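Here's the structure, in structure tokens; my notes come after.
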Amino acid sequence: MKNSRKRKLFEAKSLLTVLFLCLSIVVFAQTKTVKGTVLDERGESIIGASVSVKGTTTGTITDLDGKFTINTKNNDVLTISYVGYIEQSVSVAGQTDLKIILKEDSQVLDEFVVVGYGIQKKSDVTGAMASVTSKELEARPVANAVQAMQGRAAGVDITSNERPGELGKILIRGSRSITAKNDPLYVVDGIPLMSESAIETLNPRDIESIDILKDASATAIYGSRGANGVVLVTTKKGKDGRYTLNYSGTLTVESIHDKSPMMNASDYITWRRWAAYNAGLVTNMGDEPSIESDKTIFSRTAGGDATAWNNIMRGWESGTWNGANVINTDWTDFVTQTAITQEHTLSASGGNEKMQSYMSFGYLNNEGTMKGQSYERYTAKMSVDINPTEWLKMGGSINSTWSDQDYGFSTLGAASSSGPGNIYGAASRIFNYALPYDSEGNIISMPGGDDAIMSVINEWNYSTQQRQVFRALGSFYGQLDLGRLIPVVKGLNYRLNFGPDYRNWREGAYIDSKSVNRAGGKSYARLKNRRDFSWTIDNMLTYNNTFGKHNLGLTLLQTASKWNVEESSMAGYGIPQPQNLWNAFGNIDISDTTNKVSIGSGLTERQLASFMVRMNYGFNDRYLLTVSGRWDGASQLAEGNKWKFFSSAALAWRMDQEDFMKDISWIHQFKLRLGVGSTGNAAVDPYSTLGAIQSIYVPFDNNLPAYTTNEPNYTKNQVGMANKNLGWEMTTQYNLGVDFSFLNGRIGGSVDLYTSRTTDLLLNTKIPTLTGYPNIIANIGETKNKGFDITLNTVNIETKDFSWTTNINAAYSKDEIVELTSGKIDDISNGWFIGKSISVYYDINNAGLWQESDAEEMAKFNANGHKFKAGMVKPVDQNGDYKIDAEDRVILGSKNPLWTLGISNTFSYKGFELSCMMYGRFKYWINSGGEAQLGRYNQRSINYWTPTNTNANYQMPIYSEAGGDAYSSLLGYKKANFLKMRNISLGYTFPKETVKKMGLGNLKAYVQATNPFTIASSVDFLDLDLGGSTYNRGFVFGLDLTF
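With mature numbering (1 follows the signal peptide of the UniProt record, and there is no 0) applied, the sequence shown covers -29 to -1, 1 to 1014.
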């Protein structure tokens, strides 16, 4: 019995064991390991692609070779995705080794863009905007992001500035204000910047994208600061996936080029002879010289410099004049250099579903092509995003910068307001027949013997203007997904943003008595310190949900900002110890009033409080509506006028989604947009409504030193009257646009037409002197602006190994004054005219030069007190009274271009990429200043009038220390149009197989030519982009590595 029970128990255990083993075999048979490789259409491995089992949390990412391994069941489906590619699903049934090819997503309009206080699908955007990606920014390696944006966005005009550490000017859709600022608002990682500093301190390599809001329907959510457009900068953050280490480095070699070189020594001497002849100093014509006449001509200058006079006499060694024997000195060689600029950025990024991080360190050392100029910058960025639970997100980023900028040659404390603006200009003024050293090798302090011209050798040791800046810009947030905590409010989120911006700024300037700009006078020094701190706090509720065919998005915002500036300055002459630079003001003899010691300090505060609501509504993915309203209060405006409401509305129709468009295969996407909105401008200095407390000279020894234009000495005759009724400048803008994509994305772009009207201008206008004040800022006047933007992207050729793409962006913008202080009456004293551009040249026109054949006409003018003769500038007598006076002034043209153009072409062949970018401005006027031709300074090479060269571009030279041709400046006004090749770049991305053997994830090397040539220009002796005759040309050598 007992044995029988044991037998049955054994049989039961055996049966259970067999059943368990069978079940394990079945389960094991249902689970398998799948391997695979993810490639793009060109066969290149895709690193970091997401591979997941559909309907589960199981997933992985591809490695450096695009390979992956994952455990699945027999009937599972894998989902493979990667940014910029179409997601693909693959069944693993019967497969253990997969080869998956992802196709690029050609639906450009479905990418996400930043729109202000959120992101949207580009296909859902109803306003006018432009985007510049990190790839486009990195395609032009420059010191700041503003430079890299030039020519990349329609309607955005950016002027160049090649001084190390400086920004160019940026205008979005032209000008609206006459005397208030037209600068756009910069928003970094969602935080609007209140500081006067823009984004020049950011490392361009840390920027993910730049989105530019152009019309009022898009910018109205920023209310009082959106009138001039908004530049949204998104910096890089960590992403889910493998941690990567990246290095980017460039080495730039640049040299200065002058489109208007100076005359050589021989040509200058001949020119100077003509100047003396035309002034009646000698009887010999310029091409009939004699030693005796040369003694008369050059005794004023070369007579005081024996070395220069001896050099001139070299031309008379054979008894007859031979200018080739005169030694020519190119003084610009002493002040220019081949500039070496290096930039390095090391960054690390990565993360998982719980935390993502990004960190970078950057270094820039930018030498100037003019000696004494430099810019050194250290940057560090840290970004962390944490998702501890499904309902909570938090994170933050800090962009910190320390920079040291040396302006080099300084114009502060100059002995004369007509002195040169930079060291190159100072060198260009020196006579080319003057030698730098005497026979014993000593520097000649006044080459040529003119006491107004000093040697520039070692000038960089005598003049310096150094600015050091530390800046820390932060963006921190916490976000609650309330819908996950309270299911009934699914789609509701609360977000708190905090953005501090701290900047410490110190500028020291020292100009020694040996400096060109002090001309032997007392040494000068100035020290300025400034601390900026601003902060912004946002409380934001967002709601997004879908109800059938209805998509609804709501945003509620309460925000507050504050900006505080403390500054102090001191300046004076007679610095006793040059080695102390600006650090020894206590040693200045303050009892000596000629030392003009000044001190000053100031405190400025500004605050802004706002409430905003925005609704985005979409029906059936076809009909889109965006409505917003914002209520702003600005502390700098008057009581009763501080608050203003700004609203906007925009409609969009995705016609490509309509049934009647389905059969048109070549139309990929087509969207119409219509928007209207109002924005404001309160860009005036705080206390304009109360009266400013200004820095003044402190009198020592009961004496108030004389005021100089270089120092802040304010009296009631220089400080404007307070306006206790100052309110908002208002802009209302209408925009009609279309976004399109044809032939499956081969042709795409947008066209926008706009018109805007700005009323209650913040106008700095003159007032009667009986008030005791010269001017007042008031809400007076009206302007309007109209134009259109065009962006066209084309894929011209695309094969397996070769592609050619083109981007063209063009813009037309015309501004006009509608009304001024006295209604429809012109304000001639300020150069403002009803129906004309905001900024124009208003002066006497010219009809070229007087000729001998004009003797009868000249006599009529000369009878009225003029002294015209052949070879002088011929001004146009508009009213025919034979008098040239203010009544003959006319509007010559606008200073702002009607057209801007940017063209980029990219050619790719396997790993090679060749790209080029052109930029141009058209239909505007510039003032080059003309040519005084007084004979006092060196002269650029020009075609000037002589009795034997009457078909000249410029008037005859007339030697004079103060006079000359009274109308010579009229020849400086010129029509301006230019198109220049901004850069040409050739790069090579190494194959994945090669890179893998090197232990790298990616490797790219490139070389780029900057400013290689000008394609067309209406003024051949100027670089119209910079506004001067000189520009930098060079080569950039770059390397990008991913580990």
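Glycine included, every Cβ here is placed at the ideal spot set by N, Cα and C.
In this text the structure is predicted, and so the values were computed from the model without any measurement.
Straight-line gap, residue i to residue j (C-alpha atoms, nearest Å)
i            : j    : result
D996         : K230 : 13 Å
residue 1015 : V990 : The structure shown does not extend to residue 1015, since the chain spans only -29 to 1014, so no value can be given for it.
G420         : I262 : 18 Å
D409         : N299 : 15 Å
Y668         : G557 : Note that Y668 scores 44 on pLDDT, short of 50, meaning its location in the model is unreliable and no value can be drawn from it.
A(-18)       : G65  : Residue placement at A(-18) cannot be trusted, given a pLDDT of 48 that sits under 50; the coordinates are not used to answer.
D936         : G819 : 13 Å
V722         : Y783 : 12 Å
S331         : E137 : 23 Å
K795         : I748 : 19 Å
I283         : G836 : 39 Å
K975         : L406 : 49 Å
A496         : F504 : 27 Å
G122         : E133 : 16 Å
A124         : G873 : 8 Å
E179         : G449 : 21 Å
M120         : Q640 : 26 Å
D276         : N750 : 59 Å
Where the beta strand (DSSP E) containing residue i begins and where it ends
i    : result
K785 : F773 to E790
W431 : W431 -> not in any beta strand (DSSP E); alpha helix (DSSP H) instead, spanning E430 to Y433.
V22  : S21 to V24
A368 : The sequence given here places Ser at residue 368; Ala does not occur at that position. First-last of the beta strand (DSSP E) with S368: L363 to D377.
Residue i vs residue j beta-carbon contact at 9 Å
i    : j    : result
G758 : G197 : no
G589 : L579 : no
A434 : S399 : Here the sequence assigns Ser to residue 434, which means Ala is not the residue at that position. Taking 9 Å as the Cβ cut-off, S434 and S399 do not qualify as a contacting pair.
L49  : K74  : no
T312 : T372 : no
E902 : L942 : yes
G584 : L528 : The residue you asked about is not Gly; residue 584 is Val in the sequence shown. Yes, Cβ-Cβ distance for V584 and L528 is below 9 Å.
F992 : M952 : no
P135 : E259 : no
Y157 : V96  : no
L869 : F893 : yes
N217 : L108 : no
I71  : G19  : no
I508 : A542 : no
A781 : D760 : yes
Reference residue i; option with closest CA among the options
i     : options                   : result
I799  : V54, I508 and Y813        : Y813
I428  : W362, N767 and D301       : D301
I457  : M365, K866, G524 and E361 : E361
G646  : S62, E171 and A187        : A187
G161  : K866, W506, P918 and M889 : W506
I955  : Q910, S899, T877 and P962 : T877
K866  : G802, G275 and V84        : G802
G212  : A116, W280 and S328       : S328
R1004 : N982, V847 and K771       : N982
G200  : S727, Y853 and G743       : S727
T43   : E538, S23 and L363        : S23
W637  : R717, Y705 and T205       : R717
Buried versus exposed call for residue i [16 or more other C-beta atoms within 10 Å across all chains shown]
i            : result
Y1002        : buried
Y214         : exposed
D265         : buried
S1000        : buried
N45          : exposed
residue 1020 : Residue 1020 falls outside the range modelled here, since the chain spans only -29 to 1014, and no answer is possible.
Contact test: residue i Cβ vs the ligand COA heavy atom, cutoff 8 Å
i   : result
G87 : As for the ligand COA, it is missing from this structure, which has no ligand bound.
N- and C-terminal bounds of the alpha helix (DSSP H) containing residue i
i    : result
G396 : I394 to S399
I424 : I424 -> no alpha helix (DSSP H), and no H or E assigned at all.
T278 : A277 to M284
V966 : K963 to K968
N249 : A236 to N249
Contact with chain C by residue i, beta-carbon distance below 9 Å
i    : result
A236 : The question asks about chain C, but that chain is absent: this structure has only one protein chain.
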